[in-house]
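Read left to right, the sequence shown gives residues 0 to 307 (numbering that gives the first Met the number 0). Each remark here refers to the structure printed beneath this line.
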Amino acid sequence: MRQEPGGEQRPTGSGLPDFSGSSSDGLPRVDPDHGPTTLGAPSERALRRSRTTVLAVISGSVVLLAVIALILSQTVFRSALDDPDPTAFPTGERSAGGRSEYVPDPQEPEIAPPPPIFTQAPTTDCTVPEHLPAAPPSAPGKVRGGNLEYTSPQTWGAGWPTGALPYLTEIGADARNVEGNWYSVVNLGRVTFGEEEGGYPGRENAAVAIFQCYATTSGVIEFFGETPEVTDYRSEALTVDGEDAWIVQATYHFEDPERLQTSSASIVTSIVVETPNGPSALAGDVAADRPEHVQDLESIIASLDVIG
0 MRQEPGGEQR PTGSGLPDFS GSSSDGLPRV DPDHGPTTLG APSERALRRS
50 RTTVLAVISG SVVLLAVIAL ILSQTVFRSA LDDPDPTAFP TGERSAGGRS
100 EYVPDPQEPE IAPPPPIFTQ APTTDCTVPE HLPAAPPSAP GKVRGGNLEY
150 TSPQTWGAGW PTGALPYLTE IGADARNVEG NWYSVVNLGR VTFGEEEGGY
200 PGRENAAVAI FQCYATTSGV IEFFGETPEV TDYRSEALTV DGEDAWIVQA
250 TYHFEDPERL QTSSASIVTS IVVETPNGPS ALAGDVAADR PEHVQDLESI
300 IASLDVIG
């Protein structure tokens, strides 16, 4: 205890400020010779602690950003990359120039040159066998040649003279006028290859020979020209009325498109059918740019029957 003037006692170490040395205005005295306190330079220990704190904050930020990036890559970004719109189409291969490079398909009939079998120069002798008359058709409106028969379309029926054709005899035919003296014609006949040529070569080779010879006969090459453009070609197996057959077909475009006013191309078709009584064939050409004539050809082929 300490006794203050006036007899009051205060506990020593009470923690209250002692203003006994105060000035007359009640403020503590300040030594006029004692200026403001100046802080000294931080210690090396303090500097190390500050650097450690800063590095810890930076490292924590980098780790946090890495975690956020990982989460986004497995959710938002992955969803956008791995789950494309199901209606989208994949892009093609890119060339070095950055543009999609188009490589034509050599098998595409519209752009590739036709195979050798569609040459204008036949690969056979185009021998014309002895002419023999065809058997009568099974009913009115039918056309018979060899062991084949087809139903003549209603718009046909004009008849056609059964002249000689390479490798065909017993010929029957019908036609539809295109314009002037140009007709769509479909012939049927018995296939005949002489022994001097090795005999019947099989349905594929026979169909190729008949096709080549028909496309270069004097009656059609006069309109097609010596080197017409050939498109839409095919050479493949099929069946006719349950029998093995082979079709060779192509569209021939006239070298002179002004030769006719209403047509400038023809579909040439050869079909060899191995019937029980020997091979018979269809050979003909129809106006390719007259839809009704093309439909007539399709109807004729669909109606083919094996007879006898």
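In this text, a Cβ means the ideal position worked out from N, Cα and C, and glycines have one as well. It should be emphasised that the depicted structure is a prediction, and the values quoted were computed from it without experimental measurement.
- For the pair residue 168 and residue 188, the CB atoms are nearer than the 7 Å cut-off.
- Non-local beta-carbon contacts of residue 117 in its own chain, meaning distances under 7 Å to residues more than five positions away in sequence, involve 229, 232, 249 in chain order.
- Rounded to whole angstroms, the gap between the alpha carbons of residue 307 and residue 260 is 42 Å.
- Under the DSSP assignment, residue 266 falls in the beta strand (DSSP E) whose first and last residues are 264-274.
- Annotation: the continuous alpha helix (DSSP H) that includes residue 204 extends over 202-214.
- Per DSSP, residue 198 lies in no beta strand (DSSP E) segment and is marked neither H nor E.
- In this structure, residue 208 and residue 182 do not form a Cβ contact; the two beta carbons are roughly 24 Å apart against a cut-off of 8 Å.
- Residue burial is scored here from C-beta neighbours: residue 67 has fewer than 16 other C-beta atoms within 10 angstroms and is therefore classed as exposed.
- An exposed status is given to residue 57, since fewer than 16 other beta-carbon atoms sit within 10 Å of its beta-carbon.
- According to DSSP, residue 282 shares a beta bridge with 186, 269.
- Pairwise C-beta distances place the stretch 198-212 out of contact with the stretch 284-299, as fewer than three of them are shorter than 8 Å.
- Per DSSP, residue 295 is one residue of the alpha helix (DSSP H) stretching across 290-301.
- Assigned with DSSP and collapsed to three states, residue 217 falls in helix.
- Residue 172 places its beta carbon 7 Å or farther from that of residue 154.
- If you draw a straight line from the Cα of residue 221 to the Cα of residue 265, it is about 13 Å long.
- The beta carbon of residue 179 sits closer than 8 Å to those of 259, all from its chain and outside the five residues before and after it, given in chain order.
- Residue environment analysis places residue 275 among the exposed positions, since fewer than 16 neighbouring C-beta atoms fall within 10 angstroms of its C-beta.
- In the three-state scheme derived from DSSP, where H, G and I count as helix and E and B as strand, residue 63 is classed as helix.
- By the neighbour-count definition (other C-beta atoms within 10 Å, threshold 16), residue 163 is an exposed residue.
- Contact check for residue 285 against residue 244 fails: the beta carbons are separated by 7 Å or more.
- Put simply, the backbone Cα of residue 132 is about 33 Å away from that of residue 252.
- In the DSSP assignment, residue 143 forms a beta bridge with 148.
- Its chain contains 186, 209, 213, 269 as the residues whose beta carbon lies nearer than 6 Å to that of residue 282, once the 5 sequence neighbours on both sides are disregarded; these appear in chain order.
- Spatial neighbours of residue 149 in its own chain (CB-CB distance under 6 Å, excluding positions within 5 residues in sequence) are listed in chain order as 142, 299, 302, 303.
- Around the beta-carbon of residue 218, fewer than 16 other beta-carbon atoms lie within 10 Å, marking it exposed.
- Judged by beta-carbon spacing, residue 177 lies within the 7 Å limit of residue 262, meaning their Cβ atoms are closer than that value.
- The Cβ atoms of residue 134 and residue 190 do not sit closer than 7 Å to each other.
- Only residues of its own chain outside the window of five on either side were considered, and among them 232, 234 have a CB closer than 8 Å to the CB of residue 114, listed in chain order.
- The beta-carbon separation of residue 277 and residue 146, rounded to 7 Å, stays under the 8 Å limit for a contact.
- A direct Cα-to-Cα measurement between residue 156 and residue 291 gives close to 15 Å.
- For residue 260, there is no enclosing beta strand (DSSP E), as DSSP marks it with neither H nor E.
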